[in-house]
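The structure appears below as structure tokens.
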Amino acid sequence: MNNNFYDIDYLNIVNDILNNDEFNKLSQIVHHGLDRKNHSIRVSYYSYKLSKLFGFDYISSARAGLLHDFFFENNKNSNIPKKIKTLIKHPEYALENSCKQFYLNDMEKDIIVSHMFPVSIRPPKYIEAWIVNLVDDIIAIMEVAYSARRRISYGFNFLLILMFTYIK
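My numbering puts the first residue of the sequence shown at 42, with every later residue one more than the last.
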């Protein structure tokens with residue numbers, strides 16, 4: 042795990058999830074240009090920190106934040122209708138997979154299933170779910186921007202190399 046997320050209290054809360062073989066398969070799935078496991082860790086950790094700072098249930102925020110995208114659909118090369126369906130339905134897939142692997146309390150279930158509001162129609166019931174929802178949105182925007190910047194940079198570098206190869 043990235044050293045930026047080394048917090049012994051946080052690790053004690055999510056250790057069973059981080060050591061779960063099914064959960065670790067998420068590292069093989071591209072998500073926002075990076076991988077889904079690391080995306081989930083970022084959402085979980087920052088939700089944990091914010092919830093702890095404001096005196097909310099940081100344990101449920103950390104655990105559900107880690108499980109919010111616990112699904113295996115990889116739509117990288119899918120058509121638009123399939124991508125939209127997955128966008129809307131993946132909270133349900135994540136909840137189903139999470140319940141198969143871990144015990145979840147009602148708040149954790151709500152956090153997972155409502156984290157895509159308003160894209161999915163289920164609004165969060167708890168402040169912790171709103172926190173995970175917001176953190177997920179911010180992290181996703183940052184990851185997509187980083188990934189796009191990297192692709193643009195590679196493309197620009199390729200064009201420069203191409204240009205200077207043919208300039209005499």
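Glycine is no exception: its CB is placed at the ideal position from the N, C-alpha and C atoms. If you're wondering where the values come from, they're calculated on a predicted model, not measured in any experiment.
ask   = Taking the alpha carbon of residue 111 as the point to measure from, which residue in 98, 68, 59 and 138 has its own alpha carbon closest?
value = Translated into the one-based positions of the sequence shown, residue 111 becomes position 70. Nearest option by C-alpha distance: 138.
ask   = So, helix, strand or coil for residue 48, using DSSP?
value = Within the sequence shown, residue 48 is the residue found at index 7, counting from 1. Correct three-state label for residue 48: coil.
task = Mind reading off the beta-carbon distance from residue 97 to residue 168? Whole number of angstroms is fine, and I expect it under 8 Å.
result = For the purposes of this step, residue 97 is taken as the residue at position 56 of the sequence shown. For the purposes of this step, residue 168 is taken as the residue at position 127 of the sequence shown. Between residue 168 and residue 97 the Cβ distance is about 6 Å, and since that is below 8 Å, they are a contact.
Minimum C-alpha distance to residue 153 - residue among 174, 78 and 57 = For the purposes of this step, residue 153 is identified with residue 112 of the sequence shown, where counting begins at 1. Comparing Cα positions, the closest option is 174.
task = Determine the burial state of residue 71: buried for a count of at least 16 other Cβ atoms within 10 Å of its Cβ, exposed for fewer.
result = Stepping through the sequence shown from its first residue, residue 71 is reached at position 30. Label assigned to residue 71: exposed.
Cβ shell of residue 50 (< 6 Å), same chain only, five flanking positions each side left out = The residue labelled residue 50 in the question sits at position 9 within the sequence shown. So no residue of the chain qualifies.
key: For residue 107 and residue 58, believed in contact at Cβ under 8 Å, the rounded distance   = The residue given as residue 58 occupies position 17 in the sequence shown. The residue given as residue 107 occupies position 66 in the sequence shown. At roughly 5 Å, the Cβ-Cβ gap stays under 8 Å, so residue 58 and residue 107 are in contact.
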